[in-house]
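A.B. asks: Listed in order, the protein sequences are those of chains A and B. 226 is the number that this note's numbering gives the last residue of the first sequence; the numbers go up by one with no jumps. 277 is the number that this note's numbering gives the last residue of the second sequence; the numbers go up by one with no jumps. C-beta atoms are modelled at their ideal positions from N, C-alpha and C, and glycine is treated no differently.
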Amino acid sequence: MELSKEQTQEIIARRVAQEFHHGDVVTLGIGLPTKAVQYLPPDVKIVVQSENGVLGVGDYPDENSADARIINAGGTMVTLSEGGCFMDSFMAFAMMRGGHIDITVLGALQVDAEGNLANWCIPGKFTPGMGGAMDLVVGTKKLIVAMEHTAKGAPKIVQKCTLPLTVAHKVNMIITEKGGFEIRPDGLYLTEISPYSSLEDIRQTTDADFQIDIK
Amino acid sequence: MAEIISAATAIQFFKSGQTLMIGGFLGCGSPQLVIDELLKTDLGNWTLIANDTSTPESDRGKLIVAHKIKKALVSHIGTNPQTVAQMNRGELEVELIPQGTLAERVRAGGAGLGGVLTPVGLNTDVAKGKPIIQVDGQDFLLEKPLKADVALVYATYADKYGNLSFYGSTRNFNAIMPLAAQTVIAEVDKLSETPLDPNHIVVPGIFIDYLVVRGR
Chain A
12 MELSKEQTQE
22 IIARRVAQEF
32 HHGDVVTLGI
42 GLPTKAVQYL
52 PPDVKIVVQS
62 ENGVLGVGDY
72 PDENSADARI
82 INAGGTMVTL
92 SEGGCFMDSF
102 MAFAMMRGGH
112 IDITVLGALQ
122 VDAEGNLANW
132 CIPGKFTPGM
142 GGAMDLVVGT
152 KKLIVAMEHT
162 AKGAPKIVQK
172 CTLPLTVAHK
182 VNMIITEKGG
192 FEIRPDGLYL
202 TEISPYSSLE
212 DIRQTTDADF
222 QIDIK
Chain B
62 MAEIISAATA
72 IQFFKSGQTL
82 MIGGFLGCGS
92 PQLVIDELLK
102 TDLGNWTLIA
112 NDTSTPESDR
122 GKLIVAHKIK
132 KALVSHIGTN
142 PQTVAQMNRG
152 ELEVELIPQG
162 TLAERVRAGG
172 AGLGGVLTPV
182 GLNTDVAKGK
192 PIIQVDGQDF
202 LLEKPLKADV
212 ALVYATYADK
222 YGNLSFYGST
232 RNFNAIMPLA
242 AQTVIAEVDK
252 LSETPLDPNH
262 IVVPGIFIDY
272 LVVRGR
C-alpha cells in the first residue's frame with residue numbers, strides 16, 4: 012500500500028508518542044519529531060524543552076496570543092505551559108549536555124547499525140549547520156531517531172554512515188513507518204514490523220545487517 | 062550607569078575588521094536598529110559571532126546580504142541562502158560550531174576561563190585539529206574561549222544602570238555575550254524610569270556600556 016507523506020509522518024509520530032512516559036523531559040527535533048506531541052495519550056503529560064531557551068513548550072498560539080518573543084527552535088511561535096520557564100542558551104544546553112533530558116527525538120539523513128547518526132550535512136549539497144543537534148544528542152538518556160525509512164527510495168538505515176556524523180555510538184532506537192529497531196551492544200535489532208510493511212519489505216529497504224527480536 | 066544613545070550614534074563604536082558578537086535566535090531577541098544604521102555606512106569586513114545568520118530580510122542576515130561579514134562563527138546558516146551562496150563562492154568563511162559549544166565558548170570568554178572541555182563533537186568533523194583531553198578516563202574536546210570587540214545585544218527591559226531583563230525566549234545569547242566584549246551595546250524595547258526589580262535582573266548593568274532604546 013502506498014502511503015502519502017502525511018500518512019507516513021503520522022504513523023511515525025504516533026509511534027514515537029508511545030515512547031513518552033508521564034513527566035518525561037524531552038527535546039524534539041524540528042519537523043516530524045515535533046509532531047509526536049500531538050498524539051500523546053491524554054493521561055501522559057511531558058515537559059518539552061526547546062534549545063532556544065524554553066522549558067515547557069505548550070500549544071501553538073491562536074491569533075490573539077501569538078507573540079514573536081516566544082518561539083521554538085524552528086522559529087515557530089509557541090506558548091508556554093503552566094510551570095514552564097525561559098532561559099538563556101547556556102542553560103538550555105547545560106540541560107541537554109548535563110544529562111537532564113530523558114528522551115531526545117531527532118530526524119536523520121543516515122543512521123547506522125552501530126548507533127552512529129548523520130543529520131547535519133551533505134558535503135557540497137546541504138550545509139545548514141548542526142545548530143544544536145550535536146549537543147542535543149550527547150547527554151540525553153535515550154536517543155530516538157524518527158524518520159521516513161527511505162529517502163527517494165534509498166535506504167537511510169545503513170551498515171556504516173558515509174555522511175559526516177552528528178554523534179558516534181549514541182542512537183538507542185529507530186522508528187520509521189515500516190518498523191522499529193533497537194541498537195544493542197551486539198548490533199542492530201528489528202523489534203517491530205509496522206502493519207504497513209513486512210519483513211521482506213524491510214529487508215529490501217534497509218542497507219544494514221540486523222537480527223530479529225520482535226516484541 | 063549606562064549611557065543612553067541613539068542607534069545612529071552607536072555606529073561610532075564600530076570599526077571595519079572588528080569581531081562582533083550579535084545576540085538573537087533567528088529573529089527572536091535580535092537587535093535591529095543599530096544594524097540598520099550600520100548598513101548605511103561603508104564599514105564592514107567583520108567577523109561575526111552569533112547563533113545563526115538569521116534570514117536575508119532581517120537583522121544579522123542583512124549584514125550578510127550586504128557583504129559586510131568576512132567570517133562567521135555560527136551554529137546554523139540554513140535559514141539564510143545568502144550565507145550558503147557566499148560560502149560556496151569562497152567570499153565568506155564560515156566556521157560551524159555546535160550551538161551549546163558556541164554558548165560555552167562565549168561564556169568562557171566572558172568568565173575568564175581558558176576554554177571548556179566538552180564531549181560534544183568527539184568523533185565528528187568538529188573535532189578536527191582540536192586537542193582531546195582525558196579527565197578521569199573520559200575524552201573531551203578542548204574548545205577555546207571567544208571574545209569580541211563589540212557585542213550588540215537585545216533586551217526587553219532596561220534601567221538607567223544598564224540592568225537588563227527579558228520577555229519570553231529572547232534571552233538566548235543576549236544574556237551571555239555582554240560579558241565577552243570590550244564594548245557592549247544593548248538595544249532595548251523599554252527603558253524603565255525606575256530601577257528594575259533587582260530580583261528579576263538577568264544581566265547585571267556593569268556589563269552594559271550603552272543603551273539604545275527602541276521607539277525614541
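What is the residue span of the beta strand (DSSP E) that residue 217 of chain B lies within?
C.D. replies: Within the second sequence, the letter at position 156 stands for residue 217 of chain B. Counting along the chain, the beta strand (DSSP E) containing residue 217 of chain B begins and ends at 209-219.
A.B. asks: For the structure I just gave you, are there three or more beta carbon pairs, one from the stretch 67-86 of chain B and one from the stretch 206-226 of chain A, closer than 8 Å?
C.D. replies: With a cut-off of 8 Å, the stretch 206-226 of chain A and the stretch 67-86 of chain B do not count as touching, because too few Cβ pairs lie within range.
A.B. asks: Under 6 Å Cβ to Cβ from residue 143 of chain A, same chain only, skipping five residues before and after it: list those, please.
C.D. replies: In the first sequence, the residue the question calls residue 143 of chain A occupies position 132. Contacts found: 62.
A.B. asks: Measure from the C-beta of residue 123 of chain A to each C-beta in chain B and report whether the shortest distance is under 8 Å.
C.D. replies: The residue labelled residue 123 of chain A in the question sits at position 112 within the first sequence. It does not; no Cβ of chain B falls within 8 Å.
A.B. asks: Measuring CA to CA, which of B:136, B:97 and B:259 is closest to residue 126 of chain B?
C.D. replies: On the second sequence, position 65 is the one that residue 126 of chain B refers to. Checking every option, the nearest Cα to that of residue 126 of chain B belongs to B:97.
A.B. asks: Note down the Cα distance separating residue 64 of chain B from residue 219 of chain B, rounded to an integer number of angstroms.
C.D. replies: Working through the second sequence from its first residue, we reach residue 64 of chain B at position 3. Working through the second sequence from its first residue, we reach residue 219 of chain B at position 158. Rounded to the nearest angstrom, the two C-alpha atoms are 12 Å apart.
A.B. asks: Would you report the Cα separation of residue 165 of chain B and residue 177 of chain B, rounded to the nearest angstrom?
C.D. replies: Taking the second sequence and counting its residues from 1, the one referred to as residue 165 of chain B is at position 104. Taking the second sequence and counting its residues from 1, the one referred to as residue 177 of chain B is at position 116. So the alpha carbons of these two residues sit roughly 7 Å apart.
A.B. asks: Cβ of residue 97 of chain B less than 8 Å from any chain A Cβ?
C.D. replies: Within the second sequence, residue 97 of chain B is the residue found at index 36, counting from 1. By this cut-off, residue 97 of chain B is not an interface position.
A.B. asks: What are the boundary residues of the alpha helix (DSSP H) that includes residue 46 of chain A?
C.D. replies: Stepping through the first sequence from its first residue, residue 46 of chain A is reached at position 35. Unbroken alpha helix (DSSP H) run through residue 46 of chain A: 43-46.
A.B. asks: In chain B, which residues lie with their C-beta within 9 Å of the C-beta of residue 120 of chain A?
C.D. replies: As a first step, residue 120 of chain A must be located in the first sequence, where it is residue number 109. The contacting residues do not exist; residue 120 of chain A stays about 13 Å from chain B at best.
A.B. asks: Looking at the C-beta of residue 177 of chain A, does it have a partner C-beta in chain B at a distance below 8 Å?
C.D. replies: On the first sequence, residue 177 of chain A is found 166 positions in, with the first residue counted as 1. Closer than 8 Å to some Cβ of chain B, the Cβ of residue 177 of chain A qualifies, so yes.
A.B. asks: Report the start-end ranges of each alpha helix (DSSP H) in the stretch 80-153 of chain A that is 4 residues or longer and not cut off at the edges.
C.D. replies: Here the runs fully enclosed are 100-108 and 144-149.
A.B. asks: Any heavy atom of the ligand FMN closer than 7 Å to the Cβ of residue 13 of chain A?
C.D. replies: Ligands displayed in this structure: none; no statement on the ligand FMN is therefore possible.
A.B. asks: Can you give me the start and stop residues for the beta strand (DSSP E) that residue 198 of chain A sits inside?
C.D. replies: For this step, residue 198 of chain A is matched to residue 187 along the first sequence. From DSSP, the beta strand (DSSP E) with residue 198 of chain A extends over 198-204.
A.B. asks: Beta-carbon within less than 6 Å of residue 226 of chain A's beta-carbon, same chain only, minus the 5 sequence neighbours each way: which residues are those?
C.D. replies: Taking the first sequence and counting its residues from 1, one reaches residue 226 of chain A at position 215. The residues are 202.
A.B. asks: Check whether the Cβ atoms of residue 100 of chain B and residue 131 of chain B lie closer than 8 Å to each other.
C.D. replies: To locate residue 100 of chain B, count along the second sequence from 1; it is residue 39. To locate residue 131 of chain B, count along the second sequence from 1; it is residue 70. Not in contact: residue 100 of chain B and residue 131 of chain B (Cβ atoms no closer than 8 Å).
A.B. asks: Is the beta carbon of residue 154 of chain A less than 8 Å from the beta carbon of residue 90 of chain A?
C.D. replies: Start at 1 with the first residue of the first sequence, and residue 154 of chain A comes out as number 143. Start at 1 with the first residue of the first sequence, and residue 90 of chain A comes out as number 79. No, they are not a contact pair.
A.B. asks: What are the start and end residues of each continuous beta strand (DSSP E) run of 3 or more residues lying completely inside the stretch 152-190 of chain B, in chain order?
C.D. replies: Entirely contained in the stretch 152-190 of chain B, the beta strand (DSSP E) runs reaching 3 residues are, in chain order, 154-157 and 177-179.
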